[in-house]
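Student: Following this message is one structure expressed as structure tokens.
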Amino acid sequence: MSSDLRRIGFRRIAQICGPKFFLMEMVTDQKHSSDSTPSEQNAEAYSVFFRENSALKKELKYYHSQHNTLERRVKRLERDVGSLKVELLNIATKSIRFGFA
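If you count by this note's numbering, then the sequence shown holds residues 3 to 103, one letter each, in order.
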């Protein structure tokens, strides 16, 4: 694969993957010499994508865990607000009943 085609491919992938990928493009451009074969280039590209995919999977797992934790916390807070509303209503009802209003 010519370096121009490789750069075009990397730029398209960088649009999808984001800014981290530009660093990989620079490193990969430096690693690939003009005498490397397409299969070597494919192996290197696969290796880079595999590492990036693994890192993204770990990030996703972390954020999923954070999301679940926050979801549980929100549900608990919603229950607390509900019980406080009931308690406030009971206090208001008692104060009206006993003439404290």
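Yeah, the Cβ is synthetic: ideal placement off N, Cα and C, and Gly gets one too.
Give me the Cα-Cα distance between residue 1 and residue 79, rounded to the nearest whole angstrom.
Tutor: This structure cannot settle anything about residue 1, because the visible part of the chain is limited to 3 through 103.
Student: Alpha carbon to alpha carbon, how far is residue 69 from residue 59? Give it in angstroms, no decimals.
Tutor: Going by the C-alpha atoms only, they are around 15 Å apart.
Student: Roughly how many whole angstroms lie between the Cα atoms of residue 63 and residue 74?
Tutor: Rounded to whole angstroms, residue 63 to residue 74 spans 17 Å at the Cα level.
Student: Measuring straight from C-alpha to C-alpha, what distance separates residue 96 and residue 90?
Tutor: If you take the alpha carbons of residue 96 and residue 90, they lie about 10 Å apart.
Student: Kindly indicate which three-state DSSP category residue 98 falls into: helix, strand or coil?
Tutor: Residue state, collapsed to three classes: helix.
Student: Whole angstroms are fine: how far does the CA of residue 55 sit from the CA of residue 65?
Tutor: Between residue 65 and residue 55, the C-alpha separation is close to 15 Å.
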